[in-house]
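Q: To start, I am sharing the structure in question, which I have written as C-alpha cells.
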Amino acid sequence: MLRNPLHLRLEKLDNWQLQTFMACLCERMYPNYHAFCQATNFASSILYRQILDLIWQALTVKDAKVNFDSQLAKLESAIPEADDFDIYAVYPAIDACAALSEMLHAWLSQENVEYAIHISKISINTVAMLEMTTIGQEMTEEQLNTLPAIQEELDLQWEIFRLLKACDKRDIELIKGLHHELKESGISNICIKLQQQVKKRDL
343 MLRNPLHLRL EKLDNWQLQT FMACLCERMY PNYHAFCQAT NFASSILYRQ
393 ILDLIWQALT VKDAKVNFDS QLAKLESAIP EADDFDIYAV YPAIDACAAL
443 SEMLHAWLSQ ENVEYAIHIS KISINTVAML EMTTIGQEMT EEQLNTLPAI
493 QEELDLQWEI FRLLKACDKR DIELIKGLHH ELKESGISNI CIKLQQQVKK
543 RDL
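Residue numbers (this note's numbering): 343 to 545.
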C-alpha cells in the first residue's frame with residue numbers, strides 16, 4: 343500500500359481536524375459506492391449517505407447525538423462481497439465502505455490519528471488499484487508515484503491537511519465549506535461522477 347509523507351504529520355492535528363480530514367476522504371469515495379449500487383442494484387446508497395451526513399452533523403452541530411455503534415452495525419449489512427460480482431466497481435465500493443467503517447471506529451475509540459492514516463491509505467490504494475488494473479500489470483511504489491492520478495490524490499489530501507492545519511481552533515465554517523465543496527463537486531478519487539452510471543468498459 344502506498345505511503346504518503348503526510349501520514350507523519352497527521353499526529354500534529356487536533357481531533358476535530360483529524361475527524362474532518364477523514365470525513366473529506368469518505369465524501370470523495372462516496373460516488374464510487376453510489377455508482378456501484380446503481381450498476382448492480384445491490385443496495386441503496388442512501389444508507390452510506392445518511393451515515394456520512396450524521397458524521398458531518400456531529401462535526402458541525404454542538405452536542406449532536408449520534409449512536410456510532412448503531413451506524414456501524416447498519417453499514418456492515420451494506421458492504422458488498424467481491425466474489426459476488428464480476429465487475430471492477432465492487433472494489434472501489436468495498437474501499438468506500440472500509441473507509442467509512444474506519445471512521446466510525448475512530449469516533450468510537452478516539453484513536454483518530456491511526457484511523458486517519460488508514461483511511462488515507464485506503465483512498466490512495468483505490469486509485470493505485472484502478473491504475474494497475476487499467477494497464478494490466480503490477481507497479482512498484484516508485485512507478486505509481488509518477489502517475490498523474492496518484493499525484494492528484496496525494497495533492498488533494500495535502501491541500502485538505504494544510505487548510506485544517508492553518509486553523510488554531512475549531513472552525514465550523516471551514517468544516518461546512520469543505521463538506522459543501524466536496525459534496526457539490528460529486529467527483530470521486532477515481533473520477534467517478536456522482537450521477538453517472540458505471541461505464542461498462544472497465545467498471
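Positions of the beta carbon are idealized from the N, C-alpha and C atoms, including for glycine.
Over what stretch of residues does the alpha helix (DSSP H) that includes SER387 continue unbroken?
A: Looking at the DSSP string, SER387 is not in any alpha helix (DSSP H), and its letter there is neither H nor E.
Q: Taking Cβ to Cβ, would you say PHE503 is nearer than 7 Å to LEU367?
A: No, Cβ-Cβ distance for PHE503 and LEU367 is not below 7 Å.
Q: Report the option in THR488, ALA438, THR362 and ASP395 whose CA atom is closest to the CA atom of ALA377.
A: Nearest C-alpha to ALA377: ALA438.
Q: With distance defined between alpha-carbon atoms, name the residue in GLN413, VAL432 and ILE397 nearest to ASN383.
A: Among GLN413, VAL432 and ILE397, the Cα nearest to that of ASN383 is on VAL432.
Q: Where does the unbroken alpha helix (DSSP H) through GLN499 begin, and where does it stop?
A: Note, GLN499: alpha helix (DSSP H), 490 to 507.
Q: Within 10 Å of its beta-carbon, does THR468 have 16 or more other beta-carbons around it, so buried, or fewer, so exposed?
A: Burial call: buried.
Q: Quick one: grab the DSSP three-state call for LYS354.
A: Helix at LYS354.
Q: Excluding the 5 residues flanking GLN539 on each side, which residues of the same chain have their C-beta closer than 8 Å to its C-beta?
A: Confidence at GLN539 is low in this model, with a pLDDT of 43, below 50, so the placement of that residue should be treated as unreliable; the coordinate-derived value is given next. Taken in chain order, the residues that qualify are ALA377, GLN380 and ALA381.
Q: What is the DSSP secondary structure of LYS535, counted as helix, strand or coil?
A: Note: LYS535 maps to strand in three-state DSSP.
Q: Using 10 angstroms around the beta-carbon of SER560, count the other beta-carbons present and answer buried if the total reaches 16, otherwise exposed.
A: In the structure as shown, the chain starts at 343 and stops at 545, and residue 560 therefore has no counterpart that could be examined.
Q: So what does DSSP say about ILE477, is it helix, strand or coil?
A: Here ILE477 sits in helix by DSSP.
Q: Tell me which same chain residues have a C-beta within less than 8 Å of the C-beta of LYS525, skipping the five on either side of it?
A: These residues qualify, in order along the chain: GLU369.
Q: By the 10 Å Cβ neighbour count, where 16 or more other Cβ atoms means buried, how is THR362 classified, buried or exposed?
A: By the 10 Å Cβ count, THR362 comes out buried.
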